[in-house]
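For reference, the structure is listed below as C-alpha cells.
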Amino acid sequence: MTGADTAASRGLANCHTCCKLVPVDEHECPRCGSAVHLRSTDSLQRTVALLITASILFIPANIYPIMITEALGTEDISTIIGGVVLLVKLGSIPVALVIFIASVIVPLAKLAAMYYLVWSVANEPHRGHRQRTKLYLTAEFIGKWSMVDVFVVAILVALVHLGGLIVIQPGIAAYSFAGVVLVTMIAAENFDPRLMWDQLDKNNDSDT
Amino acid sequence: MEKLVACHGCDLLVDVSELEHGARAYCPRCGHFLTRYRHDMMSRVLAFTIAAIILLVVSLNYPFLSFAASGLESVMTLRAAPGALLDYGMTTLAIMVAAFIILIPACILLLLLVISLSVLSGSPNPWLRASTKLVFELETWAMVEVFIIGVIVSLVKIAAMATVVLGIAFWSYAAFTICFTLAMVTLDRYQCWEMIEALETPKSAEATP
C-alpha cells in the first residue's frame, strides 16, 4: 500500500465549517472566515478533560433525585433508576426501555467509547480504523438523545401546577445529568477522528 | 474540472465533480458520508423551511397539552413552558428548554430562509456567509426530535396521575419536527458552500480573460 492521498499530504487543511481546502499556512478560511487548523489543536487533551468532567457529573446525576413530586402532602422523590422502576411497575415496558437506554446505557456507552477512542490514538493499534471511525460517528450521533429525561422533567414541571395540590420540582440530578449530556457532546466535537488515520498514513509512508 | 473534498473522518481527498442529481458520495477509505448533490437542493430547503416556520408558529400559539386532576385543569402552551419554569425559579432549566426546542430551531429556520432565498434569487447579501456559518454551528444544539420523545414519555408517566389531552400544538410540533429535520438533512454542507461561492464569484471570474 502506498501513502494515501490526504489533504494533509498536499499541505491542505480542511475547513470544518465549509469544507474548503485551505493551504496550511493560512489561519483563517477565505470562504467562511472560520479558524482553520490542519488538526484541532490539543484535541486529545481537551477531549480527555471533558470526559473526566462528564464522568464526575455522572455520579451525582445517578445518586440524587431527578424529580420531586409533592401531592396532597406526601413527597415522592425519584432518581433516574427510580423513574425506570416506576415505569416498569406502571406496565409501560417500552417507555421504561426508552428511558433506561437514553439515560443509562447511552451516556455510559458514549463515555466508554470516547475513552477507548482516545486510548486508541495514544496506543496506535494497526487495525480497525474503519470500525473506530464508525464508533466515533455513532457516539457523536446518539449523544443528544440522552436529553430525553431532562425534557421529561421540564415538561412535567411546566404542565403540573395545580394550585398547590400537586407540585413537581426538578432535583439536583436533572442539572448534573444535563451537564453530563452537554459536556460529552462537546467532548465528541473536540475529538478529531483524523488522528487515528494519521498514524496509518505515517506507517505507510515509513514502509515505502 | 476536479472538485476535491477532504473526508472529515480520515482526511482522504475524494473527487466529487461527477455526481449525478440525487447521488451521494461516501469516503472509500473510512465510509464517512461526504456530500450529496441535488441541483434543486435550495428549493427543497426553502420548501421545508417555510413549512417548518408555519408549523412552529402554530405550535407556539395553541394548547400543547392539557391536564386534569381532582376537578382542576391546567393547559400548557409551548410558549409559556419556559416562563412557567422561570416562575418556579428554575432559570437553568428554563433557558435550556427555551434554547434547545424553540430559540435555536427558530434561529436556524430564519437563517435558512435568508440563505435559500438569497441563493435562489441569485442575489448575494452581506450576511450570507455569516448566516451559513451560524447555521452549521447551531445545528448540533437543536433538539426538537429528542423533545418529542420526551413529551411521549411524560404522557405515559402522567397518565397514572391524571387525564391528559393532546392539543393541536402537539400535532403541529410533531409535524414541525419532521419538516425541520428534513430541512437540515437536505442542506448539504459542501454543496451549500459551493453554491454560495459560485453566487459571489462569477462576475470577477468572467472579468479575468
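Chains as they are written, first to last, in the working numbering: chain A, 202 to 409; chain B, 859 to 1067. Glycine residues also receive a C-beta, built at the ideal position from the N, C-alpha and C atoms.
query: Burial state of B:GLN1049, where buried means 16 or more other Cβ atoms lie within 10 Å; result: buried
query: Euclidean distance between Cα positions of B:LEU870 and A:ARG232; result: 21 Å
query: Residues that DSSP places opposite A:VAL384 in a beta bridge; result: In the DSSP output, where bridge partners are listed per residue, A:VAL384 has none listed.
query: Beta-carbon proximity list for A:ARG247, same chain, < 6 Å, skipping 5 on both sides; result: ASN391
query: Whether B:VAL1011 touches A:VAL223 by CB criterion (8 Å); result: no
query: Contact set between A:TYR376 and chain B, taken where Cβ atoms lie within less than 7 Å; result: THR950
query: Beta-carbon proximity check, A:TRP346 vs A:VAL285, cutoff 8 Å; result: no
query: Pick from B:VAL972, B:GLY889, B:ALA952 and B:LYS861 that is closest to B:SER901, judged by C-alpha positions; result: B:VAL972
query: Secondary structure of B:TYR1048, DSSP reduced to three states; result: helix
query: B:ILE1051: contacting residues in chain A (beta-carbon distance under 8 Å); result: As written in the sequence, residue 1051 of chain B is Trp, which differs from the Ile given in the question. In chain order: CYS219, CYS220, LYS221, ARG232 and CYS233.
query: Residue from A:PRO371, A:ILE343, A:MET315 and A:LEU366 with nearest C-alpha to A:LEU356; result: Looking at the sequence provided, one finds Ile at residue 356 of chain A rather than Leu. It is A:PRO371 whose Cα lies nearest to the Cα of A:ILE356.
query: Neighbourhood of B:ILE959 by C-beta, 7 Å cutoff - its chain only, sequence neighbours within 5 removed; result: MET1001, VAL1002 and PHE1005
query: Spatially closest choice to B:LEU969 from B:LYS991, B:ALA957 and B:LEU923, by CA coordinates; result: B:LYS991
query: Short CB-CB distance (under 8 Å) between A:HIS330 and chain B; result: yes
query: 7 Å Cβ shell around B:LEU978 - same chain, five flanking residues per side excluded; result: MET900, SER901 and LEU904
query: Distance between B:PHE906 and B:ALA1041 (C-alpha atoms, nearest Å); result: 5 Å
query: Inter-stretch contact (C-beta, 8 Å, three-pair minimum) for the segment 373 to 392 of chain A and the segment 253 to 268 of chain A; result: yes
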